[in-house]
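Peer 1: In terms of the numbering used here, the sequence shown is residues 727 to 821.
Backbone N, C-alpha and C fix where the C-beta goes; we use that ideal spot for every residue, glycine too.
Since the model is a prediction, treat every value here as computed from it, not as a measurement.
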Amino acid sequence: MTIDQERLPGRDDARRNGIVFSGGAIASGSGVAALLVFILQNTADVAVKFLFWDFTWPVWLLIIVSASLGAAIWLGLGIMRRRRRRKARRAARTA
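1) Pull up the distance between the alpha-carbon of residue 754 and that of residue 764, whole angstroms please.
2) Who are the Cβ neighbours of residue 772 in its own chain at under 8 angstroms, not counting the five residues just before and after it?
3) For residue 821, which three-state DSSP category applies?
4) Leaving out five residues on either side along the sequence, give the residues of the same chain with a beta carbon under 8 angstroms from the beta carbon of residue 774.
5) I want to check one thing, is the minimum distance from the CB of residue 766 to the heavy atoms of the ligand COA below 6 angstroms?
6) How is residue 773 classed by DSSP in three states: helix, strand or coil?
7) Taking just the CA atoms, how far does residue 805 sit from residue 812?
8) What first and last residue would you give for the alpha helix (DSSP H) that runs through residue 764?
9) If you draw a straight line from the C-alpha of residue 791 to the C-alpha of residue 819, how long is it?
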């Protein structure tokens, strides 16, 4: 009997049983675990005074909101830059 003829437990069996995790699932799970640890370690409240706003938030929420806003601005600036470069390339091609 050859190896091809033998029934070796493999990935197909594991998939049927629902126990195989992809790299993305492992990375996502690790990220969620790290975020949970971060939240649990930063539960203290902090007073925020900015322009005419004055409020109190937990440290973890303030950091996550600030990082999200920063990421959105960074993404928006990147999109604007790509559009400008694309327009410049198109203008250079037609000129």
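Peer 2: Here's the rundown:
1) In this structure, the CA atom of residue 754 is about 15 angstroms from the CA atom of residue 764.
2) Non-local C-beta neighbours of residue 772 in its own chain, meaning closer than 8 angstroms and more than five positions away in sequence, comprise 782, 783, 784, 785, 788, ordered along the chain.
3) Coil, per DSSP.
4) Setting aside the 5 residues that flank it on each side, residue 774 is surrounded in the same chain by 780, 781, 782, 783, 788, each with a C-beta closer than 8 angstroms to its C-beta; the list follows chain order.
5) As presented, the structure is devoid of all ligands, the ligand COA included, so that no description of it is given.
6) Residue 773: strand per DSSP, three-state reduction.
7) Spanning the two alpha carbons is a distance of roughly 11 angstroms.
8) Counting along the chain, the alpha helix (DSSP H) containing residue 764 begins and ends at 749–767.
9) Straight-line Cα distance between these residues: approximately 42 angstroms.
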